[in-house]
Structures are given as structure tokens and as C-alpha cells.
Amino acid sequence: MAIVLWYRSPNVGGFEPMVTDVKQWVHLARLESDYSAMQKLKGPLITWQIVGQCDPPRVNPSKYLVTYQMAAPTLNGTRGEHILEIDCSSADYPSFAPIVLFHTPVIKHPHVYSDGSRRVCLGGFPLSESLAALCIRLARFWQYDASLINHKSLASREFYDWYVANRSQLPLDRSPLPSLDEVSGGLRPKQRRSGNG
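In terms of the numbering used here, the sequence shown has 320 at position 44, counting the first letter as 1, and numbering is strictly consecutive.
Next comes the structure, spelled out in C-alpha cells:
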């Protein structure tokens, strides 16, 4: 099925048609929803910036650098600043999770790969979770929220063993995180109205 979308073209000074399929439409709609949700994510603990430019057909960003100002143990000792890149540019996004990579030394966490790839295992990515909500979930990772540590799906056995040995000393930072209620987005099915009409 084809859908015609229109976008403002800087080259012709007006709108140009863009024919796309449903999958691409979902991808572009999700990027728009994510950007809207990210604009609501403000505060000293989690900051973000766009990576690169938004070229048609993307009119909303697909890559972000997210900075966490919170103490957490890394391979290079305790650090107070952690920078991650979240890449949503895959045509399969949001059906598949974004790629999350550290730009700073990786945090010792069971869901961070210790193989040198600098990747984070998200342990699932529901369509209803906005990118801003994912950023908050990652902050909960760095606070070692036990409800988010999936013992059956570890990225690093080495970091899991370290976590078990040091669990009583964690987290290093207990700063209050933004509320998930403050940040919306994602893809949610429309609710049916009850009653007449």
C-alpha cells in the first residue's frame, strides 16, 4: 500500500510529494512522536542533543546524544557524566529497538556488553515506549533498578558477576528521575469510545 506524504522542500521553497509505503510512514511518524516527547525531557540529570541533519524524507531527527549527569561505576572508575548515542535511523525502527552505544567509558551493568562494542542491551522495546521514556529507563539502569535487571537475558556475565558482588553498594547515585507521566509519546492504539456515537 502506498501513502502520499508531503514535506517542505528547501530546494523548491514549497511542498513536494513523497510516495512511501506503510512501514516507512510508521517509521517517520514514530520519529516525529519521539522528537515531540524528547522536547519534554528537560532537567539537569538527563540532557540531549540531535546528531546530524534531518534530510528528507526525515524531517525529524533519528539520532540523539543523551548525557546522564549521575555517578556510576565504569571500566575507568566512577564517573559523573555518561554520554550515549541513540540511533533510531534503521528503516525497521520502531519494530526493532534503536541502537544504543556509549561515547564515554561503559557503565558496569549486566545489560551493557563487555566485549568492547560499547552497546547496551535494552531487553525489549515496546512500541508504546517513547524515546524519552527509554532515556528515563536507561537512567534507571544506571541506578541499578532491580526490576529492570533480567537475569535470564544478560549482555555481560562479567558485569553481572560484578553487580552481584557489589549490589549492597549500589546505586552510587539516587537522584530523583523525571516521571514517566511527564513524558509521553510512542505508538499507542486508539481507544474506542464508549456510549452513543
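Where is the CB? At the ideal position from N, CA and C, for every residue including glycine.
Inset, instruction - Report the residue ranges of all beta strand (DSSP E) runs contained in full by the segment 357-440; include only those spanning at least 3 residues, in chain order. - result: 375-378
Legend entry - Pairwise C-alpha distance: Q329 and Q419: Taking the straight line from one Cα to the other gives about 32 angstroms.
Legend entry - Residue nearest to P454 in terms of C-alpha spacing, selected from A313, S309, R306: A313
Legend entry - Integer Cβ distance of I362 from P374, believed to fall under 8 angstroms: Correct: roughly 5 angstroms between the Cβ atoms.
Legend entry - Cβ neighbour criterion (16 or more within 10 Å) applied to V298: Burial call: exposed.
Legend entry - Status (buried if at least 16 other CB within 10 Å, exposed otherwise) for D310: By the 10 Å Cβ count, D310 comes out buried.
Inset, instruction - Could you tell me the boundaries of the beta strand (DSSP E) in which K339 lies? - result: 339-350
Legend entry - CA-to-CA distance, C411 to S451, given in whole angstroms: 15 angstroms
Inset, instruction - Take L446 and list the residues in its own chain whose beta-carbon comes closer than 6 angstroms to its own, dropping the five residues that flank it on each side. - result: If you ignore the 5 residues before and after L446, its C-beta comes within less than 6 angstroms of the C-beta of Y420, all in its own chain and listed in chain order.
Legend entry - Burial state of H358, where buried means 16 or more other Cβ atoms lie within 10 Å: buried
Inset, instruction - Closer than 6 angstroms by C-beta to S470: which residues in its own chain qualify, once you throw out the five before and the five after it? Chain order, please. - result: Reliability of the predicted coordinates at S470 is poor, the pLDDT of 40 falling under 50, and the value obtained from them is presented with this limitation in mind. Sequence-distant partners of S470 (beyond 5 residues in either direction) whose C-beta falls short of 6 angstroms from its own C-beta are missing from its chain.
Legend entry - Straight-line Cα distance separating P370 from S406: 10 angstroms
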